[in-house]
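Sequential numbering of the sequence shown, starting at 8, is according to the working numbering.
Ideal Cβ placement from N, Cα and C applies to all residues, glycine included.
None of these values were measured; they are calculated from a predicted model.
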Amino acid sequence: DVVAVVVKSLIGIAPLLAASYQELMPKSHVLRTSQSSCFEILGYDVMMDDALKVWLLEMNHMPSFSGSSPLDSAIKTGVVAGA
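See below:
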């Protein structure tokens, strides 16, 4: 199940993401308020075998948003617009 793979990988990197957020927006930061928030887009490469088992190939902390084809550009533009 793709959702289970994503959730398990997020649990594994949650401390890294929290530390990154604290580094970028420390409690003393002038822009940090109780209303402040941020997000990060992660890239996942998964594969399904013939039994439909999902395998995580890699997770990208800073995925590329440049498109190598018109279809690739359209998909990535939609992902960023929906974030």
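{"Asked": "Given 8 Å as the limit, is there contact between the segment 73-81 and the segment 50-58, that is, 3 or more CB pairs closer than that?", "Found": "no"}
{"Asked": "Bridge partners for M54 per DSSP, in chain order?", "Found": "W62"}
{"Asked": "Please check the pair M66 and G50, which I expect to be a contact at CB under 8 Å, by giving their CB distance rounded to whole angstroms.", "Found": "7 Å"}
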